[in-house]
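Asker:
Numbering (the numbering used here), first residue to last: 1 to 242.
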């Protein structure tokens, strides 16, 4: 689907406009009484040509801006998807490590209840260094006699899981990238809407040269001018090209 007016479309319309303007001028050369009418017709033809030139420039800009914002949207959405995947992976790693810590602690606790000091020592050697810190802090609370002691090492403030912090950061980045991607897609749609305005202006100016009635031509040019003002306002107030 084209995202803007092609240069060949605009150039063709300008060429047809010049042809019709020249034809009207030749038809009117034989009558001196129509001198003022010819002057108005030439002035209007110049205005139409200027408007076509402006439309060509604006159409090139909106087409380029729409393409750039579409690219920005695709990149942002891809980044959001990748970050979400990494966040899920980090969260899964954290859960697996927590399960491993719980398993090794249960092994130690079973040996402790059985009074098997050798098995206790083996279980402690299987602790991860980060979990060992929390385990030592938990033992320091005298959990077997202190009713207010935490239920286990994983409930201690010393028990850290940086994977969860990483997952939270990645998930936040994914949300931000997704929001920016959606906004970029909306910006691209807005520039396409502006291109539709410009295409309508091109059509109106193009058909105005086919009318011999001066008032009809003026009406079409005025309508085209109003639409051009709307298009220019929309372009100026739209976000710049990323």
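Note that beta-carbon positions come from the ideal geometry of N, C-alpha and C, so glycine has one too.
Owing to the predicted nature of the structure, the values given are computational and were not obtained by experimental measurement.
Use the C-beta contact count for residue 30: other C-beta atoms within 10 angstroms, 16 or more gives buried, fewer gives exposed.
Answerer: Annotation note: pLDDT 45 at residue 30 (below 50); position unreliable, coordinate value reported separately. Result: exposed.
Asker: Could you tell me the distance, in whole angstroms, from the CA atom of residue 250 to the CA atom of residue 197?
Answerer: Shown here, the chain extends from 1 to 242; a query on residue 250 therefore has no answer.
Asker: Can a CB atom of chain D be found closer than 9 Å to the CB of residue 133?
Answerer: Checking the listed chains, one finds no chain D in this structure; it contains a single protein chain.
Asker: Whose CA, out of 173, 137, 73, 92, lies closest to the CA of residue 182?
Answerer: For the residues 173, 137, 73, 92, the minimum Cα distance to residue 182 belongs to 73.
Asker: Secondary structure at residue 98, three-state DSSP: helix, strand or coil?
Answerer: Helix at residue 98.
Asker: Quick one, are the C-beta atoms of residue 238 and residue 177 less than 9 Å apart?
Answerer: Going by C-beta atoms, residue 238 is not nearer than 9 Å to residue 177.
Asker: Which residue wins for smallest C-alpha separation from residue 137, given the options 119, 158, 123?
Answerer: Among 119, 158, 123, the Cα nearest to that of residue 137 belongs to 158.
Asker: How long is the line joining the alpha carbons of residue 192 and residue 71, rounded to whole angstroms?
Answerer: Approximately 14 Å between the Cα atoms of the pair.
Asker: Count the CB pairs spanning the segment 86-93 and the segment 158-170 that are closer than 8 Å, and state whether there are at least three.
Answerer: At 8 Å Cβ cutoff, the stretches touch.
Asker: Apart from the five residues on each side of it in sequence, which residues of its chain come closer than 6 Å, Cβ to Cβ, to residue 131?
Answerer: Cβ neighbours of residue 131 beyond the five flanking positions: 101.
Asker: What would DSSP say about residue 183, mapped onto helix, strand or coil?
Answerer: Reduced to three states, the DSSP call for residue 183 is helix.
Asker: Where do the N-terminal and C-terminal ends of the alpha helix (DSSP H) with residue 224 fall, by residue?
Answerer: From DSSP, the alpha helix (DSSP H) with residue 224 extends over 214-237.
Asker: State the DSSP-derived secondary structure class of residue 115, mapped to helix, strand or coil.
Answerer: Here residue 115 sits in coil by DSSP.
Asker: Roughly how many angstroms lie between the CA atoms of residue 179 and residue 81, to the nearest whole one?
Answerer: Cα to Cα, residue 179 sits roughly 12 Å from residue 81.
Asker: Assign residue 240 to one of two classes, buried (16 or more other C-beta atoms within 10 Å of its C-beta) or exposed (fewer than that).
Answerer: Its Cβ having fewer than 16 others within 10 Å, residue 240 is exposed.
Asker: According to DSSP, is residue 242 helix, strand or coil?
Answerer: In the structure shown, residue 242 sits in coil (DSSP, three-state: anything other than H, G, I, E or B).
Asker: Only counting runs of 4 or more residues, tell me where the alpha helix (DSSP H) segments fall wholly within the segment 127-165, in order along the chain.
Answerer: Those alpha helix (DSSP H) runs which fall completely within the segment 127-165 and span 4+ residues are 129-139.
Asker: For the candidate residues 117, 184, 96, whose alpha-carbon lies nearest to that of residue 75?
Answerer: Minimum Cα distance to residue 75 is reached at 184.
Asker: Count the other CB atoms within 10 Å of the CB of residue 25; is the residue buried (16 or more) or exposed (fewer)?
Answerer: Bear in mind that a pLDDT of 49 at residue 25, under 50, signals an unreliable position, so the number given afterwards is only what the model happens to contain. With fewer than 16 other Cβ atoms within 10 Å, it is exposed.
Asker: Rounding to the nearest angstrom, what Cα-Cα distance links residue 53 and residue 62 in this structure?
Answerer: So the two alpha carbons sit approximately 14 Å from each other.
Asker: In this structure, how does DSSP classify residue 105 when only helix, strand and coil are distinguished?
Answerer: It is helical.
Asker: What residues in its chain sit with their C-beta under 8 Å from that of residue 227, if we drop five residues either side in the sequence?
Answerer: These residues qualify, in order along the chain: 197, 200, 201, 204.
Asker: Just verifying my parser: in three-state terms, what is the DSSP assignment at residue 203?
Answerer: Residue 203: helix per DSSP, three-state reduction.
Asker: Go ahead and label residue 106 buried or exposed: buried means 16 or more other beta carbons lie within 10 angstroms of its beta carbon, across all protein chains shown.
Answerer: It is exposed - the Cβ of residue 106 has fewer than 16 other Cβ atoms within 10 Å.
Asker: Hey, residue 45 and residue 209: beta-carbon distance below 9 Å or not?
Answerer: Yes, Cβ-Cβ distance for residue 45 and residue 209 is below 9 Å.
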